[in-house]
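Remarks on the structure that follows.
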Amino acid sequence: METVIYICLGLMLIFGVMAVMLHSMTKSAIALAAASAALGIIMYEMGAVWTALIEISVCSGLVTVIFISAISLSNMDKKELEKVYEDKKRMSLLPVILIVSGVVLVIAAISAGVSLPEANQTVNTSGDLREILWNNRQADIWGQIIIMITGSAAVVVLFRERD
Amino acid sequence: MSAMAYIAVSFLVVPLIIIIINNLISRKAAGKVSLYMACACAVIQMASSVTDFFLLSAKHLHEYKFTLLWNMEEAGAEHFGVTSLSLVILFCIGFVSLISVLIAFKTIEHKKISYVNLLMTLILGMNGMVIVTDLFSLYVFLEIVGISSFVLIAMFQSETGLEGAFKYLVMSALASIFILTGLSFIFMYTGSLQYSQIGDILSVKDGSQQTLIYAAVILLISGFAVKTGSVPFHSWLPDAHQSADTAVSVLLSGIVIKVAGIYSFIVLTNLFSGVPAINLTLAIMGIVSIVTGALLALRQTHFKRIVAYSSVSQMGYILLGISTGSTLGLVGAVAHIFNHATFKSTLFANAAALHEQTGTLDINEMGGLQKKMPVTGFSNIAAFLSTAGIPPFAGFWSKLLIIMALWKNSMQVYAGIALFSSILTAAYFLRMQKKVFFGKVPAKYAELKEIGGSIKFAEIMLTIVIIGAGVCFPLALMYLKGRGIL
Chain A
44 METVIYICLG LMLIFGVMAV MLHSMTKSAI ALAAASAALG IIMYEMGAVW TALIEISVCS
104 GLVTVIFISA ISLSNMDKKE LEKVYEDKKR MSLLPVILIV SGVVLVIAAI SAGVSLPEAN
164 QTVNTSGDLR EILWNNRQAD IWGQIIIMIT GSAAVVVLFR ERD
Chain B
72 MSAMAYIAVS FLVVPLIIII INNLISRKAA GKVSLYMACA CAVIQMASSV TDFFLLSAKH
132 LHEYKFTLLW NMEEAGAEHF GVTSLSLVIL FCIGFVSLIS VLIAFKTIEH KKISYVNLLM
192 TLILGMNGMV IVTDLFSLYV FLEIVGISSF VLIAMFQSET GLEGAFKYLV MSALASIFIL
252 TGLSFIFMYT GSLQYSQIGD ILSVKDGSQQ TLIYAAVILL ISGFAVKTGS VPFHSWLPDA
312 HQSADTAVSV LLSGIVIKVA GIYSFIVLTN LFSGVPAINL TLAIMGIVSI VTGALLALRQ
372 THFKRIVAYS SVSQMGYILL GISTGSTLGL VGAVAHIFNH ATFKSTLFAN AAALHEQTGT
432 LDINEMGGLQ KKMPVTGFSN IAAFLSTAGI PPFAGFWSKL LIIMALWKNS MQVYAGIALF
492 SSILTAAYFL RMQKKVFFGK VPAKYAELKE IGGSIKFAEI MLTIVIIGAG VCFPLALMYL
552 KGRGIL
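What follows is the structure, given as structure tokens:
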């Protein structure tokens with residue numbers, strides 16, 4: 044189980060770096076979704092089943108759809124975008140360094156047999172999903188809705204020329 | 072459902088409705104009415120918080136808990152709550168948002184719709200932070216505040232704006248990591264993040280894992296200190312304030328740093344009152360912020376940078392008030408939150424007026440503008456006297472309460488330094504006042520006229536509030552004494 048977690052941690056780093064470094068907004072959003080999916084697997088492996096499902100469905104699925112929809116609304120010229128990234132050659136080694144570091148860390152963690160911290164035993168994770176979402180974490184559901192609205196507004200305003 | 076419940080629910084529902092209307096109507100219509108809708112939202116929030124405050128007071132309740140949309144009548148299912156303290160903060164959020172919109176009428180020509188969308192999400196984030204009853208929910212809404220602020224700084228895509236926004240984003244991400252890790256430690260130790268449960272669990276647990284709680288507290292203090300802009304985590308604040316549009320700067324300085332940072336510190340000190348190191352850390356951070364912020368403000372030549380460093384310094388006073396752990400100190404801190412919101416809003420409204428009329432905010436390029444812009448000059452004097460804590464302006468009373476609380480808690484050295492630093496505050500504002508408003512008018516400003524419209528209205532309104540709050544402050548103290556709070 045721990046090997047899967049470490050591999051997923053490595054994948055998260057790789058896709059995270061790709062999300063930041065890729066020049067295409069669409070590819071970047073997809074890389075972010077992949078990083079989120081890897082996080083979902085880690086959560087599932089650690090016993091947070093419902094959280095994993097939400098991470099994969101909302102963060103990896105729904106948010107990516109919203110991001111790509113918002114990107115399609117923006118009209119930034121691709122050539123203009125390339126100009127912004129003129130210094131890409133200077134930064135080209137950074138993702139490689141980060142990815143290699145991630146892989147080395149994963150191998151080191153597996154070979155050293157680092158154990159994961161144990162969660163508090165009093166935490167009750169057996170609740171029904173509906174109960175958890177609609178009753179226990181109602182405030183966070185509101186927060187999630189507002190974060191999605193904010194994300195959409197952010198992409199539109201930052202990548203659209205003017206109102 | 073009681074009137075109180077409807078009013079409390081409006082803190083989240085009204086901004087959401089504004090976002091929906093703003094995006095559903097045609098862009099042409101939205102461009103015309105969006106700022107007016109934002110104005111209405113801010114005014115409704117101010118009216119709601121005042122009404123709820125007096126309803127709460129009339130019913131002799133400490134807290135009113137409520138839920139939204141589903142299970143509204145079910146007791147024990149509440150996820151939100153308002154107290155007298157949170158209602159004061161909610162009023163400040165509405166007030167500063169109103170000033171921001173009044174400034175935006177003049178300073179924002181394009182992207183009005185996006186500005187209103189993001190202002191509403193920012194208000195939602197701040198309101199959410201203040202009314203939630205769970206540390207994780209606080210973090211979720213804190214993220215909304217962070218994202219909205221970042222985009223508001225960057226949205227006009229000037230080079231300095233993007234740089235300021237990037238610094239804010241990096242520091243904000245760092246703060247989020249600290250806070251989330253701290254929350255994880257608390258959850259590992261207590262198994263709950265509910266405000267009402269954490270204190271109870273900590274009191275019955277044995278001390279075997281105290282290190283975990285100390286680590287959590289250190290991480291949380293560091294994270295919230297970044298959000299507050301306290302020294303040594305203040306580097307992002309002047310850049311972000313300077314580079315953003317003034318309508319955004321007023322939000323950042325007037326309310327965002329207070330809700331994202333200071334309010335979180337108040338929650339933290341309430342939950343971990345048994346950890347004395349928190350109060351000492353806040354006191355040291357407060358005193359260092361007061362002195363460093365004031366000394367750095369003395370060296371600046373950009374109007375907004377002086378005001379930004381002044382915010383760093385004034386946040387120190389609020390931290391000192393909280394660090395006393397006494398009711399008097401907390402009342403002083405909350406009063407200073409309100410006063411700081413008013414005088415910083417005034418100074419940023421003045422910055423907008425000066426920039427609109429002169430095209431610069433470099434104080435070395437200005438001079439003698441009191442004759443040309445008497446309203447701006449007078450409101451600037453009122454704001455700086457209040458900031459420096461000169462009686463009878465509002466700032467005097469809140470600083471007095473903080474210093475009295477420090478003295479009563481045997482923190483005389485801190486009280487002495489805080490008192491001495493008021494001289495530094497007066498010094499950097501006198502320098503600014505002299506360079507901008509006194510002396511000879513440069514030839515290029517010979518034809519300069521006073522600003523008109525919404526900014527002039529904001530300046531006059533804020534000056535009245537600063538003077539009025541100072542005059543009426545003893546009445547507020549008598550009211551608190553009558554309720555047995557002081």
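So the sequences go chain by chain: A and B.
FYI, the numbering used here numbers position 128 of the first sequence as 171, with every residue one higher than the one before it.
FYI, the numbering used here numbers position 21 of the second sequence as 92, with every residue one higher than the one before it.
Just so it is clear, CB atoms sit at the ideal spot from N, CA and C, and this is done for glycine as well.
None of the values given here were measured: they were computed from a predicted structure.
On the CB-based measure, 16 or more other CB atoms within 10 Å of its CB, does A/Val-198 come out buried or exposed? buried
Anything in the stretch 216–238 of chain B with a Cβ closer than 7 Å to a Cβ of chain A? List those residues in chain order, please. Ile-218, Ser-219, Val-222, Ala-225 and Met-226
Mind checking whether B/Ser-320 and B/Phe-249 have CB atoms under 9 Å apart? no
Please classify B/Ser-171 as buried or exposed, where buried requires at least 16 neighbouring CB atoms within 10 angstroms. buried
Taking any Cβ of chain A, which residues in the stretch 72–96 of chain B have a Cβ under 7 Å from it, in chain order? Leu-83 and Ile-90
What is the DSSP secondary structure of B/Val-512, counted as helix, strand or coil? coil
Sorted by chain position, which residues of the same chain lie with C-beta nearer than 8 Å to A/Asn-163's C-beta, five sequence neighbours on each side aside? For A/Asn-163, the pLDDT reaches just 48, beneath the cut-off of 50, and the residue's location in the model is therefore unreliable, leaving the point undetermined.
Could you tell me the boundaries of the beta strand (DSSP E) in which B/Thr-154 lies? 151–154
Can you tell me which of the three DSSP states B/Gln-116 falls into? helix
N-terminal and C-terminal residue of the alpha helix (DSSP H) that B/Tyr-334 is part of: Segment: none, B/Tyr-334 is in no alpha helix (DSSP H) and carries neither H nor E.
Should B/Glu-518 be flagged as near chain A, meaning a C-beta pair shorter than 9 Å? no
Out of B/Glu-214, B/Asp-310, B/Phe-151 and B/Phe-409, which has the shortest C-alpha to C-alpha gap to B/Ser-229? B/Asp-310
On the CB-based measure, 16 or more other CB atoms within 10 Å of its CB, does B/Pro-86 come out buried or exposed? buried
Extent of the continuous alpha helix (DSSP H) run through B/Phe-137: Counting along the chain, B/Phe-137 falls outside any alpha helix (DSSP H), though it belongs to the beta strand (DSSP E) covering 134–137.
Relative to the C-alpha of B/Leu-551, which candidate in B/Ser-208, B/Gly-300, B/Gly-232 and B/Ser-155 has its C-alpha closest? B/Ser-155
For the stretch 358–421 of chain B, list the alpha helix (DSSP H) runs that are entirely contained and at least 4 residues long, ordered along the chain. 374–394
In this structure, does DSSP put B/Val-203 in helix, strand or coil? strand
How is the alpha helix (DSSP H) around A/Gln-181 delimited, first residue to last? 181–202
First and last residue of the uninterrupted alpha helix (DSSP H) at B/Phe-343: Element bounds for B/Phe-343: n/a, residue is neither H nor E.
If you draw a straight line from the C-alpha of B/Ile-194 to the C-alpha of B/Lys-329, how long is it? 13 Å
With distances taken Cα to Cα, identify the nearest neighbour of B/Asn-188 among B/Phe-162, B/Leu-169, B/Thr-178 and B/Leu-223. B/Leu-223
Pairing CB atoms from the stretch 511–518 of chain B with CB atoms from the stretch 383–390 of chain B, are three or more of them under 8 Å? no
Should B/Gly-400 and B/Gly-387 be called a contact, given that it needs their Cβ atoms to be closer than 9 Å? no
Should B/Asn-410 and B/Ser-492 be called a contact, given that it needs their Cβ atoms to be closer than 9 Å? no
Hey, does B/Gly-294 have any beta-carbon neighbour from chain A nearer than 9 Å? no
By the DSSP assignment, the alpha helix (DSSP H) with B/Glu-230 in it spans what residues? 230–261
Express the C-alpha separation of B/Ser-208 and B/Ser-219 in angstroms, rounding to a whole number. 17 Å
Where does the unbroken alpha helix (DSSP H) through B/Ile-179 begin, and where does it stop? Unbroken run through B/Ile-179: none, as it is neither H nor E.
For chain B, check one thing: does any of its Cβ atoms lie closer than 9 Å to the Cβ of A/Ile-192? yes
Does A/Leu-52 come out as helix, strand or coil in the three-state DSSP assignment? helix
Report yes or no: do three or more beta-carbon pairs, one from the stretch 412–429 of chain B and one from the stretch 522–537 of chain B, lie closer than 8 Å? yes
Could you tell me whether any Cβ in chain A is nearer than 9 Å to the Cβ of B/Gly-558? Residue 558 of chain B lies beyond the range of chain B shown here (72 to 557); nothing can be said about it.
Coarse secondary structure for B/Asp-316, derived from DSSP in three states: coil
B/Gly-539 by DSSP, collapsed to three states: which one? helix
Along chain B, which residues have their Cβ under 8 Å away from the Cβ of A/Trp-185? Leu-83, Leu-139 and Gly-199
Using only the alpha-carbon positions, how far apart do B/Ile-269 and B/Phe-137 sit? 20 Å
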